[in-house]
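Sequential numbering of the sequence shown, starting at 1, is according to this note's numbering.
The C-beta atom is built at its ideal place from N, Cα and C for all residues, glycine as well.
For reference, the structure discussed in these notes is given below.
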Amino acid sequence: MKTFVIGISGVTNGGKTTLAKNLQKHLPNCSVLSQDDFFKPESEIETDENGFLQYDVLEALNMEEMMSAISCWMENPTHSLASTHEESIKEIPILIIEGFLLFHYKPLDTIWNRCYFLTIPYEECKRRRSTRVYKPPDAPGYFDGHVWPMYLKHRKEMENVSWEIEYNMEKMQEAGDRGFWMSRSNQSGYIFSE
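And the structure:
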């Protein structure tokens, strides 16, 4: 069965989940899978030299379990995860996967039909992060000492992989936003920034 898989990644509190849920409301036969649902228990999360829990690394996630959920959806997209528009079976099933480290995990590279990487400025990210309640709560200095530096590291790594990244004003104007258009063989998407 033909399927269509969209990856939405980017900065913490950048709007990934909001975008995924809004798309799900408007796209027929659409399911959403969140990478945040695959964090390991706190007892398995490493700490760095500053005592910060290392949640912003792939090792903090159970990626094998996530891949299993994706594989189950790919095998039977009309009966897995929570999807919308159940009556429109004739439509191509769409899976939206959202998470902060999607494009750093090689086994996912072959599944994307479209990829989007969302960014927001430092101050806005910090403001949004401060309004969220996390368990465990962010330690003092965690955003500046760990979260933002890890995001910058991941973004740089993502930009250095074999993606073709280009400024495409026409595509950006169509989207009504600023960003980069990126593509890789059969995959393409935007890096959005405010």
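Here Arg114 carries a strand assignment [DSSP, helix/strand/coil]. Rounded to the nearest whole angstrom, the CA to CA distance from Phe52 to Thr18 is 27 Å.
Nearest neighbour of Lys2 by Cα position, chosen from Lys25, Asn29, Asn22 and Ala20, turns out to be Asn29. Met63 and Asp36 have their C-alpha atoms spaced approximately 11 Å apart.
Each of Asp109, Ile96 and Arg127 was checked against the Cα of Leu27, and the nearest Cα belongs to Ile96. By the criterion of a C-beta distance shorter than 6 Å, Asn50 is surrounded in its chain by Gly145, once the five residues flanking it on both sides are discounted. For Ser43, there is no enclosing alpha helix (DSSP H), as DSSP gives it neither H nor E. Distance from the CA atom of Pro107 to the CA atom of Leu101, rounded to whole angstroms, is 12 Å. Per DSSP, the unbroken beta strand (DSSP E) holding Ile6 starts and ends at Phe4 to Gly10. Close CB contacts of Thr47 within its chain, under the 8 Å cut and outside five residues either way in sequence, are with Leu53 and Gln54 (chain order). When the Cα atoms are used, Ile120 and Val147 turn out to be separated by approximately 14 Å.
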